Amino acid sequence: QQQVKQSPQSLIVQKGGISIINCAYENTAFDYFPWYQQFPGKGPALLIAIRPDVSEKKEGRFTISFNKSAKQFSLHIMDSQPGDSATYFCAASLDARDDKIIFGKGTRLHILP
Amino acid sequence: DGGITQSPKYLFRKEGQNVTLSCEQNLNHDAMYWYRQDPGQGLRLIYYSQIVNDFQKGDIAEGYSVSREKKESFPLTVTSAQKNPTAFYLCASSGQGLGTEAFFGQGTRLTVV
Numbered sequence: 010q011q012q013v014k015q016s017p018q019s020l021i022v023q024k025g026g027i028s029i030i031n032c033a034y035e036n037t038a039f040d041y042f043p044w045y046q047q048f049p050g051k052g053p054a055l056l057i058a059i060r061p062d063v064s065e066k067k068e069g070r071f072t073i074s075f076n077k078s079a080k081q082f083s084l085h086i087m088d089s090q091p092g093d094s095a096t097y098f099c100a101a102s103l104d105a106r107d108d109k110i111i112f113g114k115g116t117r118l119h120i121l122p
Numbered sequence: 051d052g053g054i055t056q057s058p059k060y061l062f063r064k065e066g067q068n069v070t071l072s073c074e075q076n077l078n079h080d081a082m083y084w085y086r087q088d089p090g091q092g093l094r095l096i097y098y099s100q101i102v103n104d105f106q107k108g109d110i111a112e113g114y115s116v117s118r119e120k121k122e123s124f125p126l127t128v129t130s131a132q133k134n135p136t137a138f139y140l141c142a143s144s145g146q147g148l149g150t151e152a153f154f155g156q157g158t159r160l161t162v163v
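Chains as they are written, first to last, in our numbering: chain C, 10 to 122; chain E, 51 to 163.
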């Protein structure tokens with residue numbers, strides 16, 4: 010119930026292509042779905058986040074698509090660049106005081122120059 | 051500058067010794083977290099605290115201990131009971147309520163020899 014399943018584990022995309030990372034969750038009470046980006050040797054940082062009352066959120070080249078009925082959400086990186094090479098984590102949480110953030114296992118993305 | 055600070059960045063210890071990792075935040079966040087990151091394992095929750103003087107075990111708490119005597123500080127002790135302590139440790143904090151972004155420190159890489 011508390012898991013967030015992320016795929017693929019690793020992804021290689023040509024420069025200019027679209028990178029797509031998928032996540033699925035089980036707990037329908039989750040109401041906040043962020044994506045974090047992590048560069049080697051650094052801590053993760055928030056990239057973009059969505060709430061279940063919208064089906065899509067776009068910020069620059071990054072878009073989250075959210076399918077509430079399927080309990081799935083995905084990150085799309087348009088016009089992928091070598092600087093996007095990083096590890097990406099999806100996550101889910103509740104807006105409840107006693108709850109914690111649940112992270113997926115991460116996707117290592119490599120953009121070929 | 052507001053943020054979350056972990057120290058030291060690199061730490062070497064002999065097997066059998068306890069070691070304490072520091073985590074300080076000046077974001078006035080109630081919630082703080084410790085994660086362990088190993089290659090291919092994603093972010094695994096060790097302990098988390100939603101309020102001062104209270105904390106809960108995460109998924110891999112065995113061999114670790116924490117304290118939360120001040121809102122700003124959440125130190126993690128890796129004890130000699132932790133069988134495989136060499137890892138990258140990440141501390142995070144978050145506020146409560148809508149859009150609960152987690153802010154991460156830069157991490158501490160612990161190597162036990």
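Think of the CB as a built atom: it goes at the ideal place given N, C-alpha and C, for glycine as much as any other residue. All values reported here derive from a predicted model rather than from experimental measurement.
The region 107 to 148 of chain E contains no complete alpha helix (DSSP H) run of 4 or more residues. At a Cβ-Cβ threshold of 9 Å, Arg70 of chain C and Asp40 of chain C do not count as neighbours. Among the bridge pairs identified by DSSP, Gly92 of chain E is matched with E:Asp88. Taking a Cβ-Cβ cut-off of 9 Å, the neighbours of Ala54 of chain C in chain E comprise Phe153, Phe154, given in sequence order.
C-alpha of Gln156 of chain E to C-alpha of Leu140 of chain E: approximately 7 Å in a straight line. For Gln91 of chain E, the C-beta contacts it makes with chain C under 8 Å involve Lys114, in order along the chain.
Ile110 of chain C has a beta carbon lying within less than 9 Å of a beta carbon in chain E. Burial state of Gly115 of chain C is buried, judged by a 10 Å Cβ sphere holding 16 or more other Cβ atoms. One thing to note: Asn36 of chain C has its Cβ no nearer than 9 Å to the Cβ of Gln15 of chain C.
Beyond the five residues adjoining it in sequence on each side, Gln90 of chain C comes within less than 7 Å, by CB distance, of Lys24, Ile120 in the same chain, given in chain order. Nearest to Ser123 of chain E by alpha-carbon distance, out of E:Arg63, E:Tyr60, E:Asp80, E:Lys59, is E:Asp80. In this structure, DSSP gives Asp93 of chain C a helical state, which the three-state scheme calls helix. For Ile21 of chain C against Ile86 of chain C, the beta-carbon gap comes to about 13 Å, at or over 8 Å, which does not count as contact. At least one CB atom of chain C sits nearer than 9 Å to the CB of Thr150 of chain E.
For Tyr60 of chain E, no chain C residue has a Cβ inside 8 Å of its Cβ, as the nearest lies near 10 Å away.
Within the region 78 to 98 of chain C, the residues whose Cβ lies closer than 8 Å to some Cβ of chain E are Phe98, listed in chain order. By the criterion of a C-beta distance shorter than 6 Å, Gln81 of chain C is surrounded in its chain by Ala33, once the five residues flanking it on both sides are discounted. About 6 Å separates the CB atoms of Leu95 of chain E and Lys109 of chain C; that is less than 8 Å, so the two are in contact.
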